[in-house]
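Going down the list, the protein sequences come from chains F and L.
Heads up: the first sequence is residues 0 to 136, going by numbering that gives the first Met the number 0.
Heads up: the second sequence is residues 0 to 422, going by numbering that gives the first Met the number 0.
Positions of the beta carbon are idealized from the N, C-alpha and C atoms, including for glycine.
No experiment lies behind these values; they were computed from the predicted model shown.
Below is one structure, written out as structure tokens; the observations come after it.
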Amino acid sequence: MNIIPIKAQAGITGFESPASEYQTLPMSLDEILIDHPTATFVGLAVGDSMTSHGIFDGDVLIVDRAARQANMDIIVATLNGVFMCKLYDRQKQCLLSGSDIYKTYQLKEGDEFLEEGIVIRSVRNHRQSTKLAKCLR
Amino acid sequence: MFALVDVNSMYASCEKIFDPLARRTGVIVLSNNDGCVVAMCKLAKAKLGNVKFQPYFKISKQVEASGVIVRSSNYELYSDLSASIMDILSRYSPEQHIYSIDESFLRFQTQPKENWWHLGKEIRRVIWQEVRLPVCVGMGPTATLAKAANHFAKKNRDTGGVCVIDKQNIMAALQGMAIEDVWGIGSRLGKKLRVMAIDDAWKLSQQPAKLMRQQFSVNIERTVRELQGESCLAWDEVRSPKQQIFSTRAFGEKVTDYASLEQSLVMHGEKVAKKARKQGSLIKMMVAFAHSSPFSDGQIYRRNIHHGFFDATADSRDLAIAASAAAKQIYRPGVLFHKSGVGAIELVDGAMYQQDMFSAQGRDPRVMAALDTINQRFGPDSLSLAAKGIQGKWQMRREMKSPNYTSSWLDMVRINCSNIITK
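Right, here's the structure in full:
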């Protein structure tokens, strides 16, 4: 593994450190977060019904349309016109949150339901990101 | 075997991917400059009739009443989705030529495991699964026949979006294609040919090629030969009738140094500028891109950088500067670049383009740079042509642009993790 150290800036303004060209890590987070680049999109989690699965309000979901399907996947789907994230019981055709507060939703005739992809990874913000803070309402 | 894969109503289809409401209501997309309808989905066509290329203000009341959603063109979104499609297609053959933002040719030297039709169906299925865009696949022994097959697949729903032209069906496929729709024949030539009772692609294919050359041109001769199954068009000569110009090429040897990558992008930029000048167009937005071939784990390094020109241009220097700047953002040490290219994805008609005081002869490039910086800091169109006028209706145009779902963190699609809202 090649790690190129990022030289610390002296704090004296006026002279750019030659290392300031390396503003990003040479190791790309894309490599470990994304499996299928052409089939992946990101979304912002809004709400807290999935906290028991480690997804909190304000987290970034990495959604893969080409991931292999399994029962009880955490999926993103459009249901009756809205993007949502839930646990998907494929056999029983219902959507769960894994928490007692939120009811299980049974899919029925007349529901417009399309599975958009599987949440393969998410970005958990233990400290809030100022950049993302602008997104939050 | 050649294949032509293209997206059905690309801009409109793109707008549905992250907007489930648009799937229900139907959607039309407007060009930013003219405010004309540039794309409609099937549902919108059913509700409004074919209003493509009409100025929006003429039909706005009708559109409002129908509930069809209106969007301004979101080139960054379309171009990102296009890049994904082109990547996916490159898995099926190393010989790929991107002709526009939504069309790509593939050339196959070897037979697929199953038959060609199954390959076409798989391409359609995979693109839908990974990108959620509907495509049609046309295949044939020549590029022109692949295009005809694609046309046939689009017009006939029972083909399931895939058509392979072979000896059995070539007559039926070509008979269903009006002469003006044949690649390389426009409405002007079409009129002349109709006078000669050649009103469809089949009749044209039955003409002696040499005779067509004498009566018309070597280009028409080539078209006839291609319809007859003889591949004679060189890749570079074929031009997309769509309003984009692309120049791309795979590197002979993988490129790892910055200078070579920059050089290739500048070269593509100049080529695109030249093609634009040749057709009398000016470029409003370009995209520069490069990617690696897949790593052992299937990952690809890919970057597309967009550059909008405040002042639409076909000047090679402008494209070269933009391409060079893009190279800085694209390059990464350690990546083996496999392909690079430049595309002009928004073009305006050179004859009709308004020049303003900033673009007078002998313009100072620093003025352009200052304007670009201002618009970048304060938002596009912060500074624009006074000649455009304060068109109240057109202020809406920017608000009708969908969010940059794929290129801006602030615009990420919001995913509801609360209770499910029942109907």
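According to the Cβ coordinates, are A147 of chain L and V136 of chain L closer than 9 Å? no
Selection from F:A65, F:D58, F:K85, F:L78 that minimises the alpha carbon distance to T48 of chain F: This sequence places Ser at residue 48 of chain F; Thr is not what is there. Measuring from the Cα of S48 of chain F, the nearest candidate turns out to be F:K85.
With L210 of chain L as the anchor, note down where its alpha helix (DSSP H) starts and where it stops. 208–214
Using the C-alpha atoms, what's the distance from R413 of chain L back to F17 of chain L? 10 Å
Nearest to C35 of chain L by CA position, among L:R23, L:R70, L:S65, is which residue? L:R70
At the 9 Å Cβ level, is P93 of chain L part of the contact set with chain F, yes or no? no
Locate the beta strand (DSSP E) running through E252 of chain L, then write down its first and last residues. 244–254
Through-space distance from R64 of chain F to T37 of chain F, alpha-carbon basis: 9 Å
Ignore the nearest five residues each way along the sequence and tell me which others in M399 of chain L's own chain have a CB closer than 6 Å to its CB. V69, R70, S71
Just to confirm, are L60 of chain F and F112 of chain F a CB contact at a threshold of 9 Å? no
Chain F residues whose Cβ lies nearer than 8 Å to that of I87 of chain L: T37
Under 7 Å by beta carbon: chain F residues contacting S83 of chain L: T37
Boundaries (first-last residue) of the alpha helix (DSSP H) holding E220 of chain L: 217–226
How about V163 of chain L and W115 of chain L: do their beta carbons lie closer than 9 Å? yes
What does A44 of chain F reach in chain L if we use C-beta pairs closer than 8 Å? I414, C416
Contact residues within the stretch 70–97 of chain F, judged by C-beta distance below 9 Å to chain L: V75, T77, L78, N79, G80, V81, F82, M83, C84, K85, L94, S96
Are A287 of chain L and V341 of chain L touching if we call contact CB-CB under 9 Å? yes
Less than 7 Å between C-beta atoms, sequence neighbours within five positions excluded: which residues of the same chain meet that for A428 of chain L? An answer regarding residue 428 of chain L cannot be provided, because it is not within the stretch 0 to 422 covered by chain L.
I117 of chain F at chain L interface by Cβ criterion, 9 Å: no
Looking only at its chain, what residues have a beta carbon closer than 7 Å to the beta carbon of S65 of chain L, apart from the 5 residues adjacent to it on each side? K46, L47
Within this structure, are the beta carbons of V126 of chain L and V4 of chain L separated by less than 9 Å? The sequence shown places Ile at residue 126 of chain L, not Val. Cβ distance < 9 Å, so I126 of chain L and V4 of chain L count as in contact.
Using DSSP bridges, identify the partner residues of T39 of chain F. F:D63
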